[in-house]
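Numbering (UniProt numbering), first residue to last: 1 to 309.
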């Protein structure tokens, strides 16, 4: 592809599966021959190394050359790692199909910091470099109304990045609490739209760049051997309809939803990349991989991001 895409992953609450889903999407796109970078902007909890199973940086790098130190002025440029060569997971190293997936890790023991002019300038410089080298740049933000959110909104409103395609993925669990929280993060006080417009973004264009991802959505279809659970299945379907109605009322309906991920034991217990070999060994569900593929395809499909309002 000729033009790079910035993908900002955010959520109002922790525990949404934002990071593990984003990592899986990044891997799936790299397997489709996209050059992909993954930037860990969760400054207070930089655990992307654990998701890619790189033990030496499972909680961030310790050498003082990660993204936190880059933004605070201690190092330039920040360190980057080729995931295929650095991962401790044998199956991820041994995949026959080549893939280009690069991690920019955070620093162990780092934390949030103010969105100063200098920090925003360094963010712009980093994004410009990445958009010249990579096709897709995932930026995994801290949850909630964080400094990281303000930093990237100010950076993408600046002239050097205005022409770069930016897409926002807002992750939420399929529950009442998470639906309301996701609405608040985007539409509420000090949320994405309000902060974005104060940084210089056009509210309509910014909203057009937002799509929602529903994670760990239970299956409501009754299967064989479930005849004794009829009332429970009926209740689940009733609750699902109520959640659909609530999502629609809170501007999180199907038209602005990129997709869903199912309940997956491997993700709940291990929080890792799911490879095709995991499905072949029957330790991961095929439906989960299919969900990741659909999300990845939708993310890169221009039609997904056509104006809705």
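Glycine included, each C-beta is placed from N, C-alpha and C at the ideal position.
Measure the Cβ-Cβ separation of residue i and residue j and say whether it is below 9 Å.
i, j, result
"residue 111", "residue 43", "yes"
"residue 12", "residue 178", "yes"
"residue 295", "residue 259", "yes"
"residue 150", "residue 102", "no"
"residue 98", "residue 40", "no"
"residue 30", "residue 140", "no"
"residue 192", "residue 72", "no"
"residue 91", "residue 277", "yes"
"residue 284", "residue 264", "yes"
"residue 147", "residue 181", "no"
"residue 113", "residue 68", "yes"
Near residue i, which residues of its chain fall below 8 Å by C-beta distance, leaving aside the five closest residues on each side in sequence?
i, result
"residue 17", "171, 173, 215, 216, 261 and 267"
"residue 292", "21, 24, 25, 28, 261 and 274"
"residue 70", "76, 77, 78, 122 and 126"
"residue 93", "84, 85 and 87"
Using CA atoms only, rank isn't needed, just tell me which of the options is closest to residue i.
i, options, result
"residue 65", "71, 78 and 237", "78"
"residue 24", "109, 302, 290 and 307", "290"
"residue 165", "188, 131 and 182", "131"
"residue 252", "138, 212 and 204", "212"
"residue 169", "203, 207, 35 and 116", "207"
"residue 185", "245, 154, 56 and 142", "142"
"residue 117", "282, 154 and 94", "154"
"residue 256", "76, 80 and 244", "244"
"residue 167", "56, 301, 15 and 113", "301"
"residue 203", "157, 175 and 234", "157"
"residue 33", "100, 6 and 63", "100"
"residue 250", "175, 152 and 46", "175"
"residue 197", "5, 152 and 287", "152"
"residue 15", "45, 4, 94 and 113", "45"
Who are the near neighbours of residue i in its chain, counting only those whose CB is closer than 7 Å to its CB and skipping five residues on each side?
i, result
"residue 298", "258, 259 and 304"
"residue 61", "79, 105, 107 and 108"
"residue 74", "64"
"residue 3", "165"
"residue 234", "none"
"residue 315", "Nothing can be reported for residue 315, as the shown portion of the chain is limited to 1 through 309."
"residue 201", "153 and 157"
Contact check, residue i vs residue j under 8 Å by CB: the rounded distance?
i, j, result
"residue 220", "residue 240", "5 Å"
Using a Cβ-Cβ cutoff of less than 6 Å, which residues in the same chain neighbour residue i once the five nearest sequence positions on both sides are dropped?
i, result
"residue 1", "Per-residue confidence for residue 1 stands at a pLDDT of 42, beneath the threshold of 50, marking its modelled position as unreliable; the derived number appears in the next sentence. 135."
"residue 37", "102, 130, 134 and 137"
"residue 81", "103"
"residue 35", "100, 134 and 135"
"residue 7", "138 and 167"
"residue 286", "279"
"residue 218", "263"
"residue 57", "49 and 105"
Problem set entry | At least 3 beta-carbon pairs within less than 8 Å: the region 268–275 vs the region 40–56 | yes
Exercise. Okay, do the region 146–165 and the region 124–135 touch, 3+ Cβ pairs below 8 Å being the bar?
Worked result: yes
Problem set entry | Cβ pair count under 8 Å reaching 3, the region 116–125 against the region 81–90 | no
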